[in-house]
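Everything below concerns the one structure shown next.
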Amino acid sequence: MATALQPIRRTTASEEDPAKLRLPLTTGEEDVELQEEKPRRTKRVAALDIFRGLTVALMILVDGAGGEWPVIGHAPWNGCNLADFVMPFFLFIVGMAIPLSLKRMPNRVLAVRRVLVRTIKLIFWGLILQGGYSHAPDELTYGVDMKHIRWFGILQRIALAYLVVAVLEIFIKNAKVQEETHVGWSLFKIYCWQWILGACILVIYFTTIYATYVPDWKYTVHNANSLDNGKVFTVLCSTRGRLDPPCNAVGYIDRQVLGINHVYQHPAWKRSKACTYDSPHEGPFRKDAPSWCQAPFDPEGILSSISSILSTIIGVHYGHVLVHMKSHLERLKHWVLIGLGLLILGILLHFVHAIPLNKQLYSFSYVCTTAGAAGIVFSVFYILVDILHLRTFFLPLEWIGMNAMLVFVMAAEGIFEGFLNGWYYESPNNTLVYWVQKHVFVKVWHSRRVGILLYVIFAQILFWALVSGILHRLRIYWKL
Numbered sequence: 290m291a292t293a294l295q296p297i298r299r300t301t302a303s304e305e306d307p308a309k310l311r312l313p314l315t316t317g318e319e320d321v322e323l324q325e326e327k328p329r330r331t332k333r334v335a336a337l338d339i340f341r342g343l344t345v346a347l348m349i350l351v352d353g354a355g356g357e358w359p360v361i362g363h364a365p366w367n368g369c370n371l372a373d374f375v376m377p378f379f380l381f382i383v384g385m386a387i388p389l390s391l392k393r394m395p396n397r398v399l400a401v402r403r404v405l406v407r408t409i410k411l412i413f414w415g416l417i418l419q420g421g422y423s424h425a426p427d428e429l430t431y432g433v434d435m436k437h438i439r440w441f442g443i444l445q446r447i448a449l450a451y452l453v454v455a456v457l458e459i460f461i462k463n464a465k466v467q468e469e470t471h472v473g474w475s476l477f478k479i480y481c482w483q484w485i486l487g488a489c490i491l492v493i494y495f496t497t498i499y500a501t502y503v504p505d506w507k508y509t510v511h512n513a514n515s516l517d518n519g520k521v522f523t524v525l526c527s528t529r530g531r532l533d534p535p536c537n538a539v540g541y542i543d544r545q546v547l548g549i550n551h552v553y554q555h556p557a558w559k560r561s562k563a564c565t566y567d568s569p570h571e572g573p574f575r576k577d578a579p580s581w582c583q584a585p586f587d588p589e590g591i592l593s594s595i596s597s598i599l600s601t602i603i604g605v606h607y608g609h610v611l612v613h614m615k616s617h618l619e620r621l622k623h624w625v626l627i628g629l630g631l632l633i634l635g636i637l638l639h640f641v642h643a644i645p646l647n648k649q650l651y652s653f654s655y656v657c658t659t660a661g662a663a664g665i666v667f668s669v670f671y672i673l674v675d676i677l678h679l680r681t682f683f684l685p686l687e688w689i690g691m692n693a694m695l696v697f698v699m700a701a702e703g704i705f706e707g708f709l710n711g712w713y714y715e716s717p718n719n720t721l722v723y724w725v726q727k728h729v730f731v732k733v734w735h736s737r738r739v740g741i742l743l744y745v746i747f748a749q750i751l752f753w754a755l756v757s758g759i760l761h762r763l764r765i766y767w768k769l
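Start counting at 1 in the sequence shown, then tack on 289, and there's your number in this note's numbering.
Quick look at the structure:
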């Protein structure tokens, strides 16, 4: 057991790259006709709130405990751990809520203006929270050198996907079609333009990632804690079509367009076996570690964000099913078949070594696997909550889901803990947060790993679930 408690090693939402969120949607916009016998009565889909709450809770869990439990953290490169489901789950949820939030807005101009305003808000908060300005919760400073600000991040990715898919939804929505109830599999034909968009995205992604020539490149280490700080390393590539960490087109485009100083400086690949003996834990670099181990790479970069729009498109289709189909059985049959099909396709592509599962590249197999899993998880919640009415058991998750932006900012991004850490006694490591971690959790269980896991579950997730429940009773929500 460690003699002195150190701050939680946060994997950061950027690796999770996580998510969340009741974004960019607000309370009261996701009503849908749930009862076939009373088509005019609308009722909120509790399963969607609960699914959103679960995703936010997962983000808090993997960010707070991922350093101690790397099995739930992000895969260093290929593969798919628990943390790697968070980002696509958020995008799926955003997509699913789009038809529900826009179905009552016949005025296209007002709808587009609403979408644009929310997109700007998402980008703003993304830059503040993940651009480098906020150093919470462990560093009691703030501010970012504009030469090193990170332009892309979780909220920026959600903003892009939301903008593209929502605007398309506004312009292809047909009032007569909205009134149809027995559409079945013809939904694919009715909303064919969304699938055409998806096909175009795939063509752009595959063409770029396999055809782009990646030359040799250099980078400078910007890490005051590294012995190599200030050194310049050269990475040898001179190739095309590779999907390994140093020589893929995703990273190359970000370096060329955004600039190498404006991408994420702590990618998960630093925990790979090629870089450290402690893999999948973070540890000292091997003496024979390749030159790219300390290089930056953005898991929410330009090309991978374009690919991520596919997750939102699939979520929109699930939302169309919810709007058009009134029978529980009909909805579930559609959702489960698509979810299983996507899940099987993604896993097969990975294990036959055709297209690896890779969150940082946002590969097609990753899109299929995570979207399929999202569809199945939502279907399970729909059965338990909206059909069997076992809602009480999931109330903590529902409360989080109804105030997801607040919980994301305060818990997942560590703003509340950063505020508490600002009140310390003699030393910044002697705060209420660290005292609770050490004496209430770690010492009681005689294990830092177990103690930190329980701290995240009870002092973060459950705490913010209760706060969200109180705010729900008071009808207070953070809306974008």
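Quick reminder that beta carbons are idealized off the backbone N, C-alpha and C, glycines included.
Meets three-Cβ-pair contact criterion under 8 Å: the region 602-619 and the region 471-479: yes
For Asn719, which of helix, strand or coil comes out of DSSP? Here residue 719 is taken as the residue at index 430 of the sequence shown, counted from 1. In this structure, Asn719 counts as strand in the three-state DSSP scheme.
Would you call Val454 buried or exposed, if buried means 16 or more other Cβ atoms sit within 10 Å of its Cβ? Locating residue 454 in the sequence shown gives position 165, counting from the first residue. Looking at its Cβ environment, which holds 16 or more other Cβ atoms inside 10 Å, Val454 is buried.
Can you have a look at Leu323 and say buried or exposed, based on whether 16 or more other CB atoms are within 10 angstroms of its CB? Walking along the sequence shown from the start, residue 323 turns up at place 34. Confidence is the limiting factor: at Leu323 the pLDDT is only 45, short of 50, which leaves the residue's position unreliable, though a coordinate-based value still follows. Looking at its Cβ environment, which holds 16 or more other Cβ atoms inside 10 Å, Leu323 is buried.
For my contact list, Ser668 and Val733 are in at a C-beta cut-off of 8 Å; report their separation, rounded to the angstrom. Numbered from 1 along the sequence shown, position 379 holds the residue referred to as residue 668. Numbered from 1 along the sequence shown, position 444 holds the residue referred to as residue 733. Contact doesn't hold; Cβ gap of about 39 Å is too wide.
Under the DSSP definition of a beta bridge, which residues are partnered with Trp506? Residue mapping note: residue 506 aligns to position 217 of the sequence shown, counting from 1. In the DSSP output, where bridge partners are listed per residue, Trp506 has Val524.
Determine whether the beta carbon atoms of Arg680 and Ala335 lie at a separation below 7 Å. Walking along the sequence shown from the start, residue 680 turns up at place 391. Walking along the sequence shown from the start, residue 335 turns up at place 46. Going by C-beta atoms, Arg680 is nearer than 7 Å to Ala335.
Helix, strand or coil for Asn647 per DSSP? Taking the sequence shown and counting its residues from 1, the one referred to as residue 647 is at position 358. Here Asn647 sits in strand by DSSP.
Can you tell me whether Asp373 is buried or exposed? The criterion is at least 16 other CB atoms within 10 Å of its CB, across all chains shown. If you number the sequence shown from 1, residue 373 lands on position 84. The residue in question, Asp373, is buried, as its Cβ has 16 or more Cβ neighbours within 10 Å.
Within the same chain, show all residues whose beta-carbon is closer than 7 Å to that of Arg575, passing over the 5 residues directly before and after it, in chain order. Locating residue 575 in the sequence shown gives position 286, where the first residue counts as 1. The residues are Cys564, Thr565 and Tyr566.
Of the residues Leu444, Ile438 and Arg402, the one placed nearest Val698, counting alpha carbons only: Locating residue 698 in the sequence shown gives position 409, counting from the first residue. Ranking Leu444, Ile438 and Arg402 by Cα distance to Val698 puts Leu444 first.
Quick check on DSSP: helix, strand or coil for Thr497? Looking up residue 497 in the sequence shown gives position 208. Helix.
What are the boundary residues of the alpha helix (DSSP H) that includes Leu371? For the purposes of this step, residue 371 is taken as residue 82 along the sequence shown, with counting starting at 1. Leu371 -> no alpha helix (DSSP H), and no H or E assigned at all.
Report the start-end ranges of each alpha helix (DSSP H) in the region 665-725 that is 4 residues or longer and not cut off at the edges. 684-691, 693-696, 704-710 and 721-724
Run through DSSP, which three-state label would Arg333 get? Counting from one through the sequence shown, the residue named residue 333 turns up at place 44. Of the three classes helix, strand and coil, the one that applies to Arg333 here is strand, per DSSP.
Cβ shell of Ile636 (< 7 Å), same chain only, five flanking positions each side left out: Along the sequence shown, read from residue 1 onward, the residue named residue 636 stands at position 347. Thr658.
Can you tell me which of the three DSSP states Thr601 falls into? Translated into positions along the sequence shown, residue 601 becomes position 312. Three-state DSSP puts Thr601 in a helix.
Return the first residue and the last residue of the alpha helix (DSSP H) that Gly590 is part of. Reading the sequence shown from its first residue, position 301 is the one you call residue 590. Where Gly590 is concerned, there is no enclosing alpha helix (DSSP H), given that its DSSP letter is neither H nor E.
To the nearest angstrom, how far is it from the Cα of Ile461 to the Cα of Arg393? Here the question's residue 461 lines up with position 172 in the sequence shown. Here the question's residue 393 lines up with position 104 in the sequence shown. Approximately 14 Å, taken between the alpha carbons.
If I measure Cβ to Cβ from Ser527 and keep anything under 7 Å in the same chain, skipping five residues before and after, which residues do I get? Position 238 of the sequence shown, counting from 1, holds the residue named residue 527. Excluding residues within five positions, the ones whose Cβ falls inside 7 Å are Pro504 and Asp505.
Burial state of Ser432 (16 or more Cβ within 10 Å): Start at 1 with the first residue of the sequence shown, and residue 432 comes out as number 143. Before going further, note that residue 432 is Gly rather than Ser in the sequence given. By the neighbour-count rule (16 or more Cβ atoms within 10 Å), Gly432 is not buried but exposed.
For Val524, the nearest candidate out of Asp533, Glu687 and Glu428 (CA to CA): Locating residue 524 in the sequence shown gives position 235, where the first residue counts as 1. Per the Cα distances, Asp533.
Same chain, Cβ closer than 6 Å to Val510, five either side skipped, listed in chain order: To locate residue 510, count along the sequence shown from 1; it is residue 221. Hits under 6 Å: Asp517, Asn518, Lys520 and Gln583.
At which residues does the alpha helix (DSSP H) containing Arg737 begin and terminate? Taking the sequence shown and counting its residues from 1, one reaches residue 737 at position 448. First-last of the alpha helix (DSSP H) with Arg737: Arg737 to Leu743.
Strand pairing of Thr565, partner residues [DSSP]: If you number the sequence shown from 1, residue 565 lands on position 276. Partner(s): Phe574.
Taking its Cβ as the centre, do 16 or more other Cβ atoms sit within 10 Å of Tyr714, making it buried, or is it exposed? For the purposes of this step, residue 714 is taken as the residue at position 425 of the sequence shown. Label assigned to Tyr714: exposed.
Just mark Phe730 as buried or exposed, buried being the case when its beta carbon has 16 or more other beta carbons within 10 Å. Taking the first residue of the sequence shown as 1, we reach residue 730 at position 441. By the neighbour-count rule (16 or more Cβ atoms within 10 Å), Phe730 is buried.
Cβ-Cβ separation, Val401 to Ile447 (assumed contact under 8 Å), whole Å: Counting from 1 along the sequence shown, the entry for residue 447 is found at position 158. Counting from 1 along the sequence shown, the entry for residue 401 is found at position 112. Contact doesn't hold; Cβ gap of about 18 Å is too wide.
To the nearest angstrom, how far is the alpha carbon of Pro579 from that of Pro556? Along the sequence shown, one-based indexing puts residue 579 at 290. Along the sequence shown, one-based indexing puts residue 556 at 267. Each residue's alpha carbon lies about 15 Å from the other.
Return the Cβ separation of Ile591 and Ile549 in integer angstroms, given the expectation that the two are a contact with Cβ distance under 8 Å. Walking along the sequence shown from the start, residue 591 turns up at place 302. Walking along the sequence shown from the start, residue 549 turns up at place 260. The Cβ separation is near 13 Å, so there is no contact.
Out of Ala662, Leu547 and Val539, which one is the CA nearest neighbour of Met435? Within the sequence shown, the letter at position 146 stands for residue 435. Among Ala662, Leu547 and Val539, the Cα nearest to that of Met435 is on Leu547.
So, does the region 419-426 touch the region 629-648, judging by three or more C-beta pairs under 8 Å? no
Rounded to whole angstroms, what's the CA-CA distance from Cys489 to Leu634? Just pull it up for me. Counting from 1 along the sequence shown, the entry for residue 489 is found at position 200. Counting from 1 along the sequence shown, the entry for residue 634 is found at position 345. If you take the alpha carbons of Cys489 and Leu634, they lie about 20 Å apart.
Stretch pair the region 351-371 + the region 739-747: three plus CB contacts closer than 8 Å: yes
Quick one: Cα of Leu371 to Cα of His570, how far? The count along the sequence shown starts at 1 and reaches residue 371 at position 82. The count along the sequence shown starts at 1 and reaches residue 570 at position 281. Their backbone Cα atoms lie some 15 Å apart in a straight line.
By a C-beta neighbour count over all protein chains shown, 10 Å radius and 16 as the cutoff for buried, is Leu312 buried or exposed? Your numbering for residue 312 matches position 23 in the sequence shown. Annotation note: pLDDT 45 at Leu312 (below 50); position unreliable, coordinate value reported separately. The residue in question, Leu312, is buried, as its Cβ has 16 or more Cβ neighbours within 10 Å.
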